[in-house]
Structure formats: C-alpha cells, structure tokens
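> Encoded as structure tokens, here's the structure I'll be asking about.
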Amino acid sequence: MQEVYYQHRRIEIKDGEIIWKELNRKPIENLPQIIWENNSPWSEVNLWALEQATSSKLNIKTVKSNMSHLLAYAKWLESESIDWWHFPERESERCLVRFRGALIQSRASGECAPSTTSQRMSSVVRYYKWLKNKGLISPDWPMWKDKIIGVKITNSFGLEHTLRVSSTDLAIPNRTIAGAIKLEDGLLPLSAKGMKEVLTLADTEASEELSLMLRIGFFTGLRLGSITDLKVSTLQNATIIPNVGLKTLSVGPGARPPVATKFDVTGSVPIPQELIDTLLNYAISTRRLQRQALAAPEDQDTLFLTRFGNTYSGANSRAVNVEMHRFRNNGVELGVKFLRGFHFHRTRATYATEIMKVALNFMSVSDSIQFVKEACLHKDESTTMKYIKFIENNKTMKEASDAFTHAFMGLMGGDKDV
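According to the working numbering, the sequence shown is numbered sequentially starting from 2.
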C-alpha cells in the first residue's frame with residue numbers, strides 16, 4: 002500500500018483544452034492507495050478511500066485502517082488468482098465466500114486475532130456495499146444474503162431494549178473465549194523474567210532503535226504509534242512531579258511538541274530517569290545524527306529515524322513490524338520461549354499489569370485505578386479495571402493450582418483417607 006499527497010482539483014474545458022483547477026480545500030496528506038503486483042492501481046478501492054478521506058465523519062486513521070483490511074484482501078485475491086468481481090452461481094466459488102473461509106481458518110490457526118478477523122470481513126463487505134450504491138458493480142450479482150439481527154442494549158437504569166440492525170450472512174462474529182480476562186487488544190503480559198530475556202536478546206539480535214523502542218514500551222506503556230512519534234525535545238521537556246521525584250513525558254495533541262496518541266488523548270506518562278538518560282545519549286549518538294542529517298527539516302527533532310532519515314510513521318510504519326517479525330523468529334530459534342507469539346503491544350500489557358501490582362500495594366483500589374488510568378492514557382476506567390481482574394484471577398488460579406498440585410501429588414504418592 003502506498004500513500005500519496007492529494008490536492009483537490011476539478012476539470013475545466015477552456016478553448017478546447019482540459020485545465021485542472023485547484024480547489025480551495027485542505028489537501029489530504031498520506032492518502033492510502035492500493036497497487037496490484039503488476040503496478041496497476043486498484044482504481045475502485047482507491048476511489049473509496051478518497052471518498053472516506055473527504056468525509057467529515059471519518060479521520061485519516063480510520064481510512065488507513067479500512068484500507069489495511071482491503072490490502073489484505075487484495076493480497077489474498079492475488080495469491081488465489083481470483084478477480085474481485087468473481088461471483089459465479091456456485092456459492093462456494095465466490096470470492097467473498099472463499100475469503101471468509103480463509104479468514105476463519107487464519108483465526109483458528111492463531112494467525113489472525115478474532116477481532117481483526119471480524120473487522121476485516123466487515124470492511125470488505127462495506128466496500129462492496131459502496132460499489133453497489135455507486136453503480137460500479139451489478140446489484141444482481143449474488144454476493145451475499147441480507148439479514149436482520151437483534152442487539153440488546155442496556156441503559157444506565159438497567160432497562161433493556163433490542164435494536165434491530167442490518168447484517169449479511171458473510172459477517173464473522175467476534176468469538177471470545179468464555180471466562181477469559183482479556184486485556185487491551187486481547188494480549189497477555191509477560192512475566193518479569195520474560196521481559197528481561199526479551200530485552201537482553203534485543204540488545205544483541207535487534208537494531209538499536211528496536212531495542213530502545215521495546216524498553217520504552219516496557220517501562221512507559223506507550224503504544225508503538227506514540228513511541229515512533231516521540232521528539233528529542235519531548236525528553237528534554239520531561240517534568241518532575243513535585244514531592245514525588247518521578248519524571249513524566251507530555252504526549253498527545255495538546256503536548257508541546259505534540260506526540261501522537263490513540264483517541265488523541267493528551268496526558269503525562271511516568272518514565273524512569275535512567276531511561277531518559279539512555280534515550281538522550283542515543284539522540285546525540287553518531288548513528289542518530291547521521292540519520293538526522295538526511296531528514297527533512299520538520300522531522301529532525303523526531304527521536305527515531307530510519308537509515309534514510311525518514312520517520313517510522315506513514316509508509317515506513319511497516320519497518321518496525323518487519324523487524325519485529327524477524328526478531329521474534331530469531332528469538333524462537335534461539336530458544337527464548339517468551340518470544341513465541343510476542344507482539345509489540347504486549348510491552349504495554351506488561352507495563353500496565355506491573356504498575357497496577359505496585360499501585361495496589363501502596364494505594365486503595367480506587368486510587369490505583371485512577372493512577373494507572375492516567376499513566377496508561379486509558380480512555381475509559383473499564384479498560385483499567387481489566388488489569389485488576391486479571392491480577393486477581395491469576396492470583397486465585399495460582400492458589401488453586403498449588404492446592405490441586407499438592408492434592409494430586411498426594412494421591413500419586415499413595416496417601417489415603419482413613
């Protein structure tokens with residue numbers, strides 16, 4: 002997927018010639034576009050992206066998310082040598098039905114999270130609905146069967162009512178594991194031992210940038226999108242909490258300089274002084290200064306830059322994921338079991354779990370929730386509450402497991418009631 006700078010224009014005919022006239026509208030930076038393997042554009046889906054990007058109801062992040070799902074669909078179509086308009090009479094051979102089956106299979110194998118599977122199919126169906134509405138595809142083609150489902154809604158007074166919504170037989174329900182306490186994005190934290198092994202291996206098997214990014218993730222809980230948007234001046238402007246001595250970084254659109262955050266939340270996150278010193282030393286290292294020299298003027302304050310002087314956002318955001326994939330595979334081959342199924346976001350789950358444990362030792366439950374909510378920039382307290390439930394459940398399960406093991410080993414040893 003490529004990103005382009007889009008300037009709004011309209012066509013005018015003057016003296017028999019075509020003239021492109023610029024419109025007084027804000028350009029769209031980093032408009033996502035999908036290109037097939039033969040270097041031809043997927044014109045219809047790119048037009049869909051443009052319409053979404055010009056809508057006041059959607060921001061560019063949502064457009065990129067939708068297009069990432071269509072990119073996955075495009076790659077699957079090419080791998081299966083199927084056209085996106087392949088809708089024969091036999092249902093099992095239709096492109097959407099086959100793609101749905103492939104998604105369910107990837108979910109079952111653990112390659113794709115249940116939430117991602119549901120969102121991917123939903124985005125693809127929305128694209129085809131848009132095609133039908135615009136008359137770009139025949140409404141007579143047998144693509145899916147519409148259905149009406151009821152969704153129960155409970156208001157703040159505990160009263161329930163059912164909302165009828167339209168769906169299709171292609172929708173994939175977001176199946177969750179009964180009884181499981183799921184943290185943010187359904188990822189589990191690492192143990193302290195696992196975190197130490199991952200960081201030790203990163204020092205030798207990963208680039209200096211990825212190693213530092215992992216440390217920031219484990220010790221501040223910042224998401225990858227925020228880490229790659231950190232500025233050197235963000236570190237230099239770190240403030241000390243009065244009477245506590247703890248330093249914090251200001252992030253979000255309201256920070257100076259601004260740092261990208263999910264939901265555009267502005268706040269301050271705690272950070273160890275030792276980590277700040279390490280990052281500031283990296284900022285003035287020969288390695289980073291060489292990259293800074295290649296960067297555009299507006300990017301020179303960005304902490305992490307690629308070897309070409311670009312930021313790790315936009316079209317270069319995949320660079321971190323590619324290296325993470327390589328690092329994870331190398332770690333598994335070297336016998337580091339904690340890297341099996343490891344994703345960057347698990348650094349955040351680890352941080353939130355550990356900081357909640359510490360908070361519960363020194364504060365009341367309500368104060369702990371507020372402290373962790375602010376430290377992790379959670380939008381809702383319900384997200385923070387999951388960490389308390391996770392810690393409580395793990396403790397209970399550990400005690401039950403110890404009791405079961407003791408009883409079981411007693412039976413194995415021949416102990417009998419008399």
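We treat Cβ as the ideally placed atom computed from N, Cα and C, and that holds for glycine.
1. Can you tell which of 378, 197 and 145 has the C-alpha that lies nearest to the C-alpha of residue 92?
2. Thinking C-alpha only, which one of 365, 232 and 22 is nearest residue 293?
3. Are the beta-carbon atoms of residue 272 and residue 320 separated by less than 8 Å?
4. On the CB-based measure, 16 or more other CB atoms within 10 Å of its CB, does residue 323 come out buried or exposed?
5. According to DSSP, simplified to helix, strand and coil, what is residue 224?
6. Taking the alpha-carbon positions, what's the residue 103 to residue 41 distance?
7. Can you tell me where the beta strand (DSSP E) holding residue 31 begins and where it ends?
8. Assign residue 109 to buried or exposed, taking buried as 16 or more other Cβ atoms, counted over all protein chains shown, within 10 Å of its Cβ.
9. Between the beta-carbon of residue 310 and the beta-carbon of residue 261, is there less than 8 Å?
10. Sorted by chain position, which residues of the same chain lie with C-beta nearer than 6 Å to residue 343's C-beta, five sequence neighbours on each side aside?
11. Please list, in chain order, all residues of the same chain as residue 214 whose beta carbon is under 8 Å from its beta carbon, the five residues on each side excluded.
12. Can you name the start and end residues of the beta strand (DSSP E) that residue 49 belongs to?
13. What residues match up with residue 147 in a beta bridge as DSSP calls it?
14. Does DSSP put residue 92 in a helix, a strand or coil?
15. Residue 220 and residue 380: beta carbons closer than 8 Å?
16. Once the 5 residues before and after residue 33 are set aside, which same chain residues still bring their CB inside 7 Å of it?
17. If you draw a straight line from the C-alpha of residue 81 to the C-alpha of residue 99, how long is it?
18. Is residue 222 a contact residue of the ligand FAD, with contact defined as CB to any heavy atom under 7 Å?
19. Return the CA-CA distance between residue 133 and residue 387, expressed in angstroms with no decimal places.
20. Please state whether DSSP places residue 332 in a helix, a strand or coil.
21. For residue 234, which residues from the same chain have a beta carbon less than 7 Å from its beta carbon, with the 5 sequence-adjacent residues on both sides left out?
22. Would you call residue 37 buried or exposed, if buried means 16 or more other Cβ atoms sit within 10 Å of its Cβ?
23. Are the CB atoms of residue 203 and residue 211 nearer to each other than 8 Å?
24. With C-beta atoms as the reference, is residue 392 less than 8 Å away from residue 357?
25. Thinking C-beta only, is residue 71 closer than 8 Å to residue 128?
26. When the distance is taken between beta carbons, is residue 236 closer than 8 Å to residue 200?
27. Please name the residue, chosen from 87, 374 and 47, that lies closest to residue 267 on a Cα-to-Cα basis.
Based on what the coordinates show:
1. Stepping through the sequence shown from its first residue, residue 92 is reached at position 91. The residue among 378, 197 and 145 with its C-alpha nearest the C-alpha of residue 92 is 145.
2. The sequence position of residue 293 within the sequence shown is 292, counting from 1. When each option's Cα is compared against that of residue 293, the closest is 232.
3. One-based indexing of the sequence shown puts residue 272 at position 271. One-based indexing of the sequence shown puts residue 320 at position 319. No, Cβ-Cβ distance for residue 272 and residue 320 is not below 8 Å.
4. In the sequence shown, the residue the question calls residue 323 occupies position 322. Under this definition residue 323 is an exposed residue.
5. Reading the sequence shown from its first residue, position 223 is the one you call residue 224. For residue 224, the secondary structure class from DSSP, reduced to helix, strand or coil, is coil.
6. Position 102 of the sequence shown, counting from 1, holds the residue named residue 103. Position 40 of the sequence shown, counting from 1, holds the residue named residue 41. Distance between the alpha carbons of residue 103 and residue 41: 25 Å.
7. In the sequence shown, residue 31 corresponds to position 30, counting from 1. Unbroken beta strand (DSSP E) run through residue 31: 29-34.
8. For the purposes of this step, residue 109 is taken as the residue at position 108 of the sequence shown. Using a 10 angstroms sphere on the CB of residue 109, the tally of other CB atoms stays under 16, which defines it as exposed.
9. Here residue 310 refers to the residue found at position 309 of the sequence shown. Here residue 261 refers to the residue found at position 260 of the sequence shown. Not closer than 8 Å, so no.
10. Within the sequence shown, numbered from 1, the residue matching residue 343 stands at position 342. Closer than 6 Å at the Cβ level, and outside the excluded window around residue 343, lie 329.
11. Counted from its first residue, the sequence shown places residue 214 at position 213. Excluding residues within five positions, the ones whose Cβ falls inside 8 Å are 225, 228, 229, 305, 321 and 345.
12. Your numbering for residue 49 matches position 48 in the sequence shown. Premise fails: residue 49 lies in the alpha helix (DSSP H), 44-54, not in any beta strand (DSSP E).
13. Position 146 of the sequence shown, counted from the start, is the residue given in the question as residue 147. Answer by DSSP bridge pairing, in chain order: 169.
14. Here the question's residue 92 lines up with position 91 in the sequence shown. DSSP places residue 92 in the helix class (H, G or I) of the three-state scheme.
15. Walking along the sequence shown from the start, residue 220 turns up at place 219. Walking along the sequence shown from the start, residue 380 turns up at place 379. Result no, Cβ atoms of residue 220 and residue 380 do not sit closer than 8 Å.
16. Locating residue 33 in the sequence shown gives position 32, counting from the first residue. Excluding its 5 nearest sequence neighbours in each direction, residue 33 has C-beta neighbours in its own chain below 7 Å: 2, 4, 50, 64, 65 and 68, listed in chain order.
17. As a position in the sequence shown, residue 81 is number 80, starting the count at 1. As a position in the sequence shown, residue 99 is number 98, starting the count at 1. About 10 Å.
18. Among the components modelled here there is no ligand, and therefore nothing to report on the ligand FAD.
19. Locating residue 133 in the sequence shown gives position 132, counting from the first residue. Locating residue 387 in the sequence shown gives position 386, counting from the first residue. Spanning the alpha carbons of residue 133 and residue 387 requires a straight line of approximately 41 Å.
20. Looking up residue 332 in the sequence shown gives position 331. Helix, per DSSP.
21. By 1-based counting over the sequence shown, the position of residue 234 is 233. So the list reads 258 and 302, once near-sequence residues are dropped.
22. Position 36 of the sequence shown, counted from the start, is the residue given in the question as residue 37. Taking all protein chains in view, the Cβ of residue 37 is surrounded by fewer than 16 other Cβ atoms within 10 Å, so the residue is classified as exposed.
23. Sequence index remark: in the sequence shown, residue 203 carries index 202 (1-based). Sequence index remark: in the sequence shown, residue 211 carries index 210 (1-based). One thing to note: residue 203 has its Cβ within 8 Å of the Cβ of residue 211.
24. Here residue 392 is taken as the residue at index 391 of the sequence shown, counted from 1. Here residue 357 is taken as the residue at index 356 of the sequence shown, counted from 1. Against a cut-off of 8 Å, the Cβ pair of residue 357 and residue 392 comes out as a contact.
25. Reading the sequence shown from its first residue, position 127 is the one you call residue 128. Reading the sequence shown from its first residue, position 70 is the one you call residue 71. When the beta-carbon positions are compared, residue 128 and residue 71 come within less than 8 Å of each other.
26. As a first step, residue 200 must be located in the sequence shown, where it is residue number 199. As a first step, residue 236 must be located in the sequence shown, where it is residue number 235. Their beta carbons are not under 8 Å apart, which means residue 200 does not touch residue 236 by this criterion.
27. Within the sequence shown, numbered from 1, the residue matching residue 267 stands at position 266. Per the Cα distances, 374.
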